[in-house]
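Working notes for the structure below.
Numbering (the working numbering), first residue to last: 19 to 154.
As structure tokens, this is what we get:
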């Protein structure tokens, strides 16, 4: 069954929200452990996995069997999951751990922008749906 919410764009946006939420938790954990001796910073690996499995060649949705297929046929983003990896970087001399607070704050800001973008995309999709329902 083909639903209005069953398209790669919507699925990618939902996955983006999930990844962004996980990334926010990992960054917050890193920041909260900035003074913990021996703590190893973690990061979320997702975009690399996405590129590796899909090659950023997502397929278009065919609404008619006479339409030409667009992109790759394998665009199942559901099977690509983020991985949290601990850093293997050594602890610099004179430091208690390998967390760079400035870098973590920048990553947190970037992640917040990504989150806002995903929320706006989903909100836009619902506004379009709502507008089309009212016009019927």
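Beta carbons: idealized from backbone N, C-alpha and C, even for Gly.
If we count the other Cβ atoms within 10 Å of its Cβ and call it buried at 16 or more, is residue i buried or exposed?
i           : result
residue 81  : exposed
residue 84  : exposed
residue 19  : Note on residue 19: pLDDT 45, under 50, position unreliable in the model; no value is reported.
residue 48  : buried
residue 124 : exposed
Taking DSSP as the reference, what is the three-state secondary structure of residue i?
i           : result
residue 103 : strand
residue 143 : helix
residue 128 : helix
residue 97  : helix
residue 53  : coil
residue 81  : coil
Starting from residue i, trace the alpha helix (DSSP H) in both directions and tell me its first and last residue.
i          : result
residue 33 : 26–50
Can the beta-carbon of residue i be found closer than 8 angstroms to that of residue j?
i           : j           : result
residue 98  : residue 67  : yes
residue 122 : residue 26  : no
residue 31  : residue 140 : yes
residue 116 : residue 42  : no
residue 63  : residue 100 : yes
residue 28  : residue 143 : yes
residue 132 : residue 38  : yes
What residue range is occupied by the uninterrupted beta strand (DSSP E) comprising residue i?
i          : result
residue 62 : 60–63
Is the region 98–107 close to the region 57–68, with three or more CB pairs under 8 angstroms? yes
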